[in-house]
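Worksheet: one structure, shown below.
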Amino acid sequence: MATFEKIMIANRGEIARRIIRTCRKMGIKTVAVYSEADLEAPYVEEADEAVCIGPAQAKKSYLDIEKIIQAARESEADAIHPGYGFLSENPQLVRRCEEENIVFIGPDALQIERMGSKIEARLHMKQAGVPVVPGWDGKLDRVEDALSIAEQVGYPIMLKASAGGGGIGMQLIHSEADLRKSFASTMQRASSSFGDGTLFIEKWIENPHHIEVQVACDAYGNAVHLFERECSVQRRNQKIIEETPSPFLDPLTKKRLLETALAGVKHIGYKNVGTMEFIMDEHKNFYFLEMNTRLQVEHPITEETTGIDLVELQIRLAEGEKLPFVQSDIQQTGHSIECRLYAEDPKTFFPSPGTIQELHLPDQDVRLDFAVKQGTKVSPFYDPMIGKIITHASTRELAIEKMKDCLKQVEVHGITTNLLLLEQVMGDRGFIEGNYTTRLVESVWDEGGS
Amino acid sequence: MSDHTVMSPIPGVFYRKPSPDQEDYVKEGQHVNAGDILCLIEVMKNFYEVKAETNGVIERFCVENEDVVDAGQQIAILRVE
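Residue numbers (the numbering used here), protein chains in the order written: chain A, 5 to 454; chain B, 43 to 123.
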């Protein structure tokens with residue numbers, strides 16, 4: 005069993021600040037890495053040490069494995085926390101860490117590889133008895149193969165990149181003509197985005213819900229779930245608002261979903277913290293979509309309702325400790341909602357980099373995980389998310405009311421944000437009734453006016 | 043004949059080709075029509091297509107592939123015939 009004295013965070017922004025907070029609580033020193041564009045970012049100042057790893061473009065800094073390894077070696081860090089995005093699901097980094105005797109805070113390379121290939125992940129989950137979206141995992145080299153499979157599955161279908169994920173690398177196909185037109189270009193895009201042009205087919209599920217299950221596993225065969233998160237409020241297949249518990253689940257379906265997720269991770273012998281993502285149709289049939297072998301952006305709502313610090317749990321599990329609790333110790337208390345504040349237009353989603361001239365945030369009864377402060381420059385090189393607003397209350401109604409109050413107090417000058425969209429969703433009848441799907445954001449402006 | 047300056051409407055990373063293993067959208071000396079894509083600017087994980095405003099010949103590009111550009115920065119010179 006290891007005890008870490010110093011952890012390097014191979015990430016930036018709000019998640020770097022979040023990890024620093026827990027490390028400080030645990031008495032662990034932190035090393036931040038930063039690109040030239042992030043020199044003045046708040047997380048760089050908050051870490052005990054900071055190392056510049058190159059120019060602004062992520063490819064030349066945050067995505068450069070050798071620069072990350074070099075920074076960890078030079079700062080003599082015991083472990084690397086990868087955060088989310090960037091290299092967090094890159095098995096090459098995990099292997100390089102092993103070679104350098106640095107602990108990677110996450111699962112091992114093989115598990116990341118298995119879940120990183122969507123086709124392989126589907127096969128493992130089928131073996132575990134976890135339902136997957138009806139479709140085809142075999143070879144799809146030629147459009148003729150795809151056409152005959154699509155005929156069996158039935159249109160509309162989703163044509164997906166096996167190496168894709170997180171809503172990227174997929175194409176909705178309505179007809180044979182559509183498939184003929186899109187097959188080669190989807191393959192080409194998969195090849196250039198992920199270095200792997202392998203495609204597979206899934207049946208398109210109309211008006212779906214995205215519900216995920218947080219899990220944690222140790223190296224001794226113990227596994228627990230930390231309940232679900234409802235993530236159906238999305239734009240461009242990416243999440244904007246998450247809540248837990250899900251208002252869509254009845255107790256029986258919820259129990260089945262949580263048990264199924266656990267069976268899946270136990271089958272692959274998963275280690276550390278992870279998330280099983282499911283898609284659910286209107287009849288409450290659920291299917292495995294993908295597994296994220298890392299911390300999620302929306303992890304705070306689980307922390308608020310369970311009282312468990314997931315970053316601390318990741319660190320302890322990476323140190324080789326056993327899970328500090330059993331399933332019956334973990335209780336879900338009250339209701340929590342997270343809103344993601346993006347530097348983008350609330351209607352067109354067009355990005356809005358620039359300097360935050362003024363920033364006013366609520367300061368009572370709210371959790372704020374923010375990347376920026378007043379005066380911070382929001383650079384054009386990375387994700388547009390600038391912060392997360394998280395409320396927790398005894399009921400869903402109260403959590404929504406609190407969120408409305410908080411959003412009213414948020415003021416950002418100097419850049420455009422999606423604040424209006426967040427307020428619009430909080431006031432939307434479908435959202436308030438808890439009866440919404442991934443189509444909510446498309447309809448929210450039509451109904452609400454403004 | 044006159045020169046028309048193509049400027050980046052947004053800050054970001056400049057690309058001359060749709061993806062690393064594909065050809066440039068346009069070469070120096072090539073004729074383009076209004077509406078043709080000249081390059082991409084990547085801003086916050088989104089790709090913005092910069093298009094020719096008029097017909098003309100690309101005289102030169104002022105920045106290198108994958109360079110960082112500012113909003114309003116000159117990125118190409120288009121010779122209008």
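Cβ atoms here follow ideal geometry from the backbone N, Cα and C, with glycine treated the same way.
Note that the structure is predicted; figures quoted are calculated from it, not measured.
Quick one: Cα of residue i to Cα of residue j, how far?
i	j	result
Q124/B	V98/A	Chain B is shown from 43 up to 123; residue 124/B falls before or after that span and cannot be answered.
L114/A	A118/B	47 Å
N88/B	P355/A	8 Å
Q2/A	I24/A	This structure cannot speak to residue 2/A, because chain A is shown only from 5 to 454.
S447/A	M407/A	21 Å
L293/A	L144/A	19 Å
I341/A	T248/A	7 Å
P53/B	L365/A	27 Å
D120/A	L314/A	First, the residue type needs correcting, since residue 120/A is Gly and not Asp in the sequence shown. The straight-line gap from Cα to Cα measures roughly 22 Å.
K258/A	V416/A	38 Å
S186/A	N289/A	29 Å
Q326/A	I116/A	Looking at the sequence shown, residue 326/A is not Gln but Lys. Rounded to the nearest angstrom, the two C-alpha atoms are 21 Å apart.
G453/A	M430/A	Because the pLDDT of G453/A is 46, which lies under 50, any placement of that residue in the model is unreliable, and the question is left without a value.
M162/A	L183/A	10 Å
A267/A	N226/A	12 Å
P51/B	Y90/B	9 Å
R28/A	E9/A	11 Å
E40/A	A54/A	12 Å
A347/A	Y386/A	11 Å
I272/A	I79/B	47 Å
H128/A	K275/A	16 Å
D254/A	I305/A	20 Å
S195/A	K122/A	15 Å
Y291/A	G171/A	16 Å
S483/A	L424/A	What the structure shows of chain A is the stretch from 5 to 454, and residue 483/A is not part of that stretch, so it cannot be assessed.
V330/A	T359/A	46 Å
A397/A	V370/A	10 Å
Q61/A	S61/B	16 Å
E42/A	K69/B	Note that residue 42/A is Asp in the sequence shown, not Glu. Roughly 34 Å separates the two Cα atoms.
S2/A	H213/A	Here chain A has residues from 5 to 454 only, and residue 2/A is not among them.
K207/A	E246/A	25 Å
Taking 7 Å as the CB-CB cut-off, is residue i touching chain A?
i	result
P53/B	yes
D168/B	Past the edges of chain B, shown from 43 to 123, lies residue 168/B, and the structure says nothing about it.
Assign residue i to one of three DSSP states: helix, strand, or coil.
i	result
S454/A	In this prediction, S454/A scores a pLDDT of 44, lower than 50, which makes its location untrustworthy; the coordinate-derived value is nonetheless stated afterwards. S454/A falls in the coil class under three-state DSSP.
P95/A	helix
H178/A	coil
I441/A	Correcting the residue identity first, residue 441/A is Thr in this sequence and not Ile. Coil, per DSSP.
S166/A	strand
T4/A	The structure shown has nothing for residue 4/A, since chain A only spans 5 to 454.
Y88/A	coil
V111/B	strand
T264/A	helix
E18/A	helix
Y386/A	coil
Q300/A	coil
L127/A	helix
Is the CB of residue i under 7 Å away from at least one CB in chain B?
i	result
A60/A	yes
Q92/A	Strictly speaking, residue 92/A in this sequence is Ser, with Gln absent from that position. It does not; no Cβ of chain B falls within 7 Å.
P384/A	yes
N439/A	no
Per DSSP, residue i forms a beta bridge with which residues?
i	result
D313/A	DSSP output for D313/A lists no bridge partner at all.
M191/A	DSSP output for M191/A lists no bridge partner at all.
A220/A	V228/A and V277/A
I119/B	T47/B and R102/B
T352/A	DSSP, once it has assigned bridges, lists no residue as partnering T352/A.
Y90/B	I83/B
A36/A	I13/A and A54/A
D369/A	DSSP output for D369/A lists no bridge partner at all.
M284/A	H213/A and F290/A
S340/A	T248/A and H396/A
L423/A	Per DSSP, none; premise fails for L423/A.
Q242/A	R239/A
H417/A	E362/A
L345/A	G391/A
Is any beta-carbon of chain C found at less than 7 Å from that of residue i?
i	result
Q115/A	The question asks about chain C, but that chain is absent: this structure's protein chains are A and B.
- Task: Can you give me, in chain order, the residues of the region 84-109 of chain B that have a beta carbon less than 9 Å from any beta carbon in chain A?
- Result: E84, V85, M86, K87, N88, Y90 and E108
- Pull out every residue of the region 386-402 of chain A whose Cβ sits closer than 8 Å to any Cβ of chain B, in chain order. Y386, D387 and P388
- At a Cβ cut of 9 Å, what residues of the region 196-218 of chain A count as close to chain B, listed as they run along the chain? S196 and S197
- Could you list the residues in the region 347-366 of chain A with a C-beta less than 9 Å from some C-beta on chain B, going in chain order? A347, E348, F353, F354, P355, S356, P357 and G358
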